[in-house]
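To start, the structure itself, in structure tokens.
Residue numbers (the working numbering): 106 to 324.
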């Protein structure tokens, strides 16, 4: 289930953010360089007793376009974290002609890869995104908080900015995981409709992989 609402207010990026700890309330978490969330998530957390496998999103414009999402998956954080490392799960495949991946060569981070996109329309445009991963708190196979950052690093001049952050968090229930998405886009074409479509597809693909099912096709 996905519910969306569009708003048009601004927000400041944070390096230090408040991350919910599973047992000890709120604590101040300092994220490693290059793995910070882009900003506070505009979608409010859902109380434990009301959590269901669903993604709620908000989108708007404050300079660049932004899209935020917060969802919950009935799977352990280690399972979701492992599924998120599949490039085919994270690639925005539904709005492009072709996409390919290659392993990262930067050993700074726990894991990473590059995605190369091609869109054939009136013009052919291509760009590359760099994805980097790190477990911030907990173990790699059982994270309490894990981070993904991605951004356009090369390609078409028509995309001025494309960047995103994804958080994978443990919840009060051991077999449930919270996933937070944030993306910014400043481009000659494209906007919140495309951004939310890619975000929803990533969520449903993660949901399928976390349950041992094949990734669903594009809608």
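Cβ coordinates follow ideal geometry from the N, Cα and C atoms, glycine included.
6 Å Cβ shell around residue i - same chain, five flanking residues per side excluded
i           : result
residue 285 : 146, 175 and 272
residue 288 : 172, 269 and 300
residue 303 : 197
residue 306 : 199
residue 219 : 207, 233 and 235
residue 164 : 111, 172, 297 and 301
residue 257 : 232, 234, 264 and 267
residue 192 : 206 and 218
residue 202 : 223, 224 and 225
residue 243 : 249
residue 308 : 160 and 176
Residues bridged to residue i [DSSP beta-bridge criterion]
i           : result
residue 233 : 221 and 259
residue 252 : 239 and 272
residue 144 : Note: residue 144 sits in no beta bridge, so no partner.
residue 301 : DSSP output for residue 301 lists no bridge partner at all.
residue 244 : 247
residue 266 : 291
Reduced DSSP category for residue i - H, G, I as helix; E, B as strand; rest coil
i           : result
residue 286 : strand
residue 291 : strand
residue 318 : coil
residue 324 : coil
residue 150 : coil
Cβ neighbours of residue i in the same chain (closer than 8 Å, five flanking residues each side left out)
i           : result
residue 177 : 151, 156, 157, 158, 159, 276, 281, 282, 283 and 284
residue 130 : Any reading at residue 130 needs caution, since the residue's pLDDT is 47, under 50, leaving its predicted position unreliable; the model's value is listed next. Taken in chain order, the list of residues that qualify is empty.
residue 294 : 263
Same chain, Cβ closer than 7 Å to residue i, neighbours up to 5 away in sequence not counted
i           : result
residue 265 : 291 and 292
residue 205 : 221
residue 261 : 230, 231 and 232
residue 97  : Summary: the structure shown does not reach residue 97, with the chain confined to residues 106 through 324, and so no result is reported for it.
Distance between beta carbons of residue j and residue i, contact taken as under 8 Å
i           : j           : result
residue 136 : residue 241 : 6 Å
residue 263 : residue 238 : Going by Cβ atoms, the distance from residue 263 to residue 238 rounds to 28 Å, so no, they are not a contact pair.
residue 311 : residue 188 : 5 Å
residue 278 : residue 153 : 7 Å
residue 183 : residue 247 : 5 Å
residue 313 : residue 321 : 6 Å
Proximity test, residue i beta-carbon vs the ligand SAH heavy atom, cut-off 6 Å
i           : result
residue 241 : Among the components of this structure there are no ligands whatsoever, and the ligand SAH is therefore not found.
* Residue ranges of each beta strand (DSSP E) within the region 159 to 231, 3 or longer -> 160 to 166, 170 to 178, 203 to 208 and 216 to 225
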